[in-house]
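Asker: Got a structure for you, written out below as C-alpha cells; questions coming shortly.
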C-alpha cells in the first residue's frame with residue numbers, strides 16, 4: 003500500500019541523489035524501522051546523516067507488526083504516530099489471541115476453540131495500559147510500516163536516505179570509520195567517512211565487518227511462513243488478530259500460527275494473512291509453490307480446493323542471540339544486528355527502536371560538543387542487559403504453548419489418531435472432560451506473561467549507565483512481566499500522568515519532556531530556585547536544561563513523583579529519569595550541576611558481574627526446553 007506523500011519541512015540540508023558526501027557525522031547502515039527511526043531522531047537534533055539500505059522500502063516480508071506503547075511514544079516524538087494509527091486497526095476487537103485445533107476440517111474436533119486471552123492492552127488490560135502511557139499499543143505489519151517510515155525519513159532528510167546501496171567494507175581509524183558503499187545496480191563503489199556508524203542492517207554484514215560475535219543458541223526450531231491472500235470467512239473466530247494451532251500432528255507442540263495482515267480488516271475478513279507452519283520433525287520445507295500452499299492449507303484444515311494466493315515465503319529458525327558488544331570502536335549495533343529472538347511477545351522491532359532512542363540523544367550531545375565520547379559507552383551498559391532480558395523472555399513465551407498440548411493429553415508418544423481421541427475427551431461431558439478443560443484453561447491463561455506483559459514493555463529500566471543511582475530498591479513486583487508500577491527511581495521511565503493545571507492542559511508529563519534537553523520537574527513553590535539552578539547547570543555544561551513547574555493542584559503527579567513538592571526529578575531526552583532529589587538542597591545549582599555533569603560523563607559503570615549474564619543463562623535454559 004502506498005501512502006499520500008509526506009509533507010513536512012526538511013530538517014536537514016538536501017543532497018542531490020547523484021551527490022555523495024565524503025564525510026557525514028553519522029552513517030546508518032540499514033533502512034528498516036530501526037535505521038529510519040535513528041535517522042529521524044538525529045535529524046531532529048540537527049545531526050546530518052546518510053542512510054544506506056541494500057534494498058529499499060518495498061517488497062519486504064510482513065515480519066514484525068506489534069508496536070508497543072514505548073515505541074509509539076518515540077514515533078509520536080518524530081511525528082509519525084498519527085499516520086501509523088490511521089493505517090492500524092480502527093477498533094479494539096483485534097486485541098486478543100486465540101488457540102484452536104485448526105480453522106476448519108472434517109470433524110467437530112477440527113476448528114475447535116481451545117481458549118483465548120486478552121492482548122496488547124485490550125479487554126481488562128485497557129485501563130492498565132492507559133495508565134502507563136498517553137499512546138496506545140497498536141498493530142501495523144512491517145510491509146506497510148517500512149514504507150511509511152521511509153517516506154517520513156525522506157521528507158525530513160532529503161537525499162540522505164539511499165536505496166540499493168550496500169555497506170560492503172569497513173575500516174576503523176582514529177577519526178571514526180570509513181565505509182565502502184556499493185551500488186547494487188551499477189557496482190560502483192564509493193567511500194564515506196563518518197565519526198560514528200549505526201549498524202542497523204539486521205546483522206547481515208555489519209557484525210562480521212565489526213568482528214562482533216553474537217552469543218546464544220541458534221537453529222532452535224524450524225518455521226516456514228507464508229504471506230497469502232485468501233478468504234477465511236468460514237472461520238468461526240470473528241475478531242482475533244493472532245491464532246495459534248495445537249493439533250495431534252504436533253505431538254503436544256504448536257503446529258502453526260495465523261496472523262491477520264489487513265489492510266482494513268484485521269479479523270476474520272482480513273484479505274491477507276501470514277500463515278506460519280512448524281514442519282514435522284525430519285520433514286524438509288516444501289520445495290515449490292503448490293506444495294507450500296498445500297502445507298499451509300493442511301495446517302489450517304482447509305480443503306485442497308480452497309483458493310489461496312501466495313505472495314512470499316520465509317524459512318527461518320528460532321534463535322536467541324545477543325551481541326557480546328553493542329559498541330565496537332566508533333560503531334554501534336542496534337536492532338537485529340545486536341539481538342535476535344523469536345517473535346513471541348513482539349519485542350524485536352520495539353527493542354530496536356528503543357535502542358536508537360537511547361543512542362541518538364547521546365550521539366547528538368557528543369557531536370554538538372556537549373558531552374565527552376565516554377557518554378556513548380553507556381549505550382551498551384544500558385541496552386545490552388535489556389536486549390538479553392527481552393531475548394530470554396521471548397524464548398520463555400515461545401515455551402508457554404506446549405503446556406496447552408500437554409493439558410489436552412497430547413505428547414511425543416501420542417499418535418495422531420490417539421491425539422484426536424484425547425481431544426474428544428476434552429469436549430466430553432464427563433468428569434475427566436471437566437478436569438481437562440480446567441487444565442487447558444489454566445495453561446492458556448499462563449500466556450498472560452506474553453500478551454499482558456505491560457511491565458516488560460513499559461517497565462524496563464537501567465540499573466547502571468548515564469544516570470545517578472540513589473540506592474533505592476526497585477518497586478514491589480518489579481520481577482513480574484505483568485505488574486507495572488510507575489516510579490521516578492533513576493533509570494526508570496518517567497511516569498505518565500495527565501497534568502490539568504498547566505498551559506495546554508491536559509497534557510501528559512511525557513509530552514513535556516524536551517527531546518533535545520534535560521527536563522527538570524518540580525513543584526511550583528520551589529520552581530524559582532530550581533529555575534535558577536537549571537540556568538547555571540546549562541551554562542556550565544552547554545547542554546539545555548528546561549524546567550517544568552507542576553502546580554500543587556495536579557495531585558496525580560504528587561501521587562507518583564516520590565519526592566516532596568520542593569524536590570526535583572531530572573529526566574533525560576529519552577524520558578528516562580537520570581537523577582532525583584527528595585527536597586531542595588541548600589545549594590540547588592551545585593546539586594543539579596553535579597548530576598548533569600555525571601550523566602553527560604557517562605554516569606555509573608558496571609565493574610562487577612555482567613548484568614546480562616543472568617538473562618543469558620535464562621536464554622540457554624529456555625532454548626533447551628524448546629528444542630525438539
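Numbering (the numbering used here), first residue to last: 3 to 630.
The beta-carbon is built from N, C-alpha and C at its ideal position, and this holds for glycine as well.
These numbers were taken from a predicted model, which means no experiment stands behind them.
1. Considering just the uninterrupted stretch of the alpha helix (DSSP H) at residue 598, what are its terminal residues?
2. Any chance the stretch 118 to 137 sits against the stretch 87 to 102, with 3 or more Cβ pairs inside 8 Å?
3. Of all the options 459, 492, 479, 557, which has the alpha carbon lying nearest to the alpha carbon of residue 639?
4. Does the stretch 189 to 207 touch the stretch 326 to 336, meaning 3 or more C-beta pairs lie closer than 8 Å?
5. Is residue 151 closer than 9 Å to residue 74 when the C-beta atoms are compared?
6. Reducing DSSP to helix, strand and coil, say where residue 162 ends up.
7. Quick one: what's residue 256 bridged to in DSSP?
8. Could you check what DSSP says for residue 442 in three-state terms: helix, strand or coil?
9. If we ignore side chains and look at the alpha-carbon of each, how far apart do residue 227 and residue 310 end up?
10. Which class does residue 526 belong to by DSSP, given the choice of helix, strand or coil?
11. Among 371, 260, 15, which has the Cα closest to the Cα of residue 160?
12. Which word fits residue 317, buried or exposed, when buried means at least 16 other C-beta atoms lie within 10 angstroms of its C-beta?
13. Counting Cβ pairs closer than 8 Å, one from the stretch 317 to 328 and one from the stretch 223 to 243, do we hit at least three?
14. Over what stretch of residues does the beta strand (DSSP E) that includes residue 582 continue unbroken?
15. Verify whether the separation of the beta carbon atoms of residue 137 and residue 90 is less than 9 Å.
16. Does the stretch 472 to 485 come within contact of the stretch 544 to 552, defined as at least 3 CB pairs closer than 8 Å?
17. Exposed or buried, which one is residue 578 when buried takes at least 16 other CB atoms within 10 Å?
18. In whole angstroms, give me the CA-to-CA distance for residue 360 and residue 63.
19. Do you know how far the Cα of residue 474 is from the Cα of residue 5?
20. Using the C-alpha atoms, what's the distance from residue 357 back to residue 32?
21. When the Cβ atoms of the stretch 51 to 71 are set against those of the stretch 212 to 221, are three or more pairs found closer than 8 Å?
22. Do residue 349 and residue 403 count as a contact pair if the criterion is CB distance below 9 Å?
23. Can you check which of these residues, 249, 594, 524, 565, is closest to residue 541 by C-alpha distance?
24. Would you tell me roughly how many angstroms separate the C-alpha atoms of residue 3 and residue 588, rounded to the nearest one?
25. From residue 114 to residue 405, what does the alpha carbon distance come to, in whole angstroms?
26. So who's on the other strand from residue 192, going by DSSP bridges?
27. Are residue 258 and residue 230 touching if we call contact CB-CB under 9 Å?
Answerer: Let me spell this out:
1. 590 to 602
2. yes
3. Nothing about residue 639 can be reported from this structure: the residues present for the chain run from 3 to 630 only.
4. Cβ pair count under 8 Å is three or more, so yes.
5. Not in contact: residue 74 and residue 151 (Cβ atoms no closer than 9 Å).
6. coil
7. 248
8. helix
9. Taking the straight line from one Cα to the other gives about 14 Å.
10. Correct three-state label for residue 526: coil.
11. 15
12. exposed
13. yes
14. 579 to 583
15. Not in contact: residue 137 and residue 90 (Cβ atoms no closer than 9 Å).
16. no
17. buried
18. 27 Å
19. Note that residue 5 scores a pLDDT of 48, beneath 50, so its modelled location is shaky; the value from the coordinates is reported in the next line. The alpha-carbon atoms of residue 5 and residue 474 are separated by roughly 48 Å.
20. 14 Å
21. no
22. no
23. 594
24. Confidence in residue 3 is poor, its pLDDT being 41 and thus under 50, which makes the residue's placement unreliable; the coordinate value appears in the next sentence. Distance between the alpha carbons of residue 3 and residue 588 is about 60 Å.
25. 18 Å
26. 183
27. no
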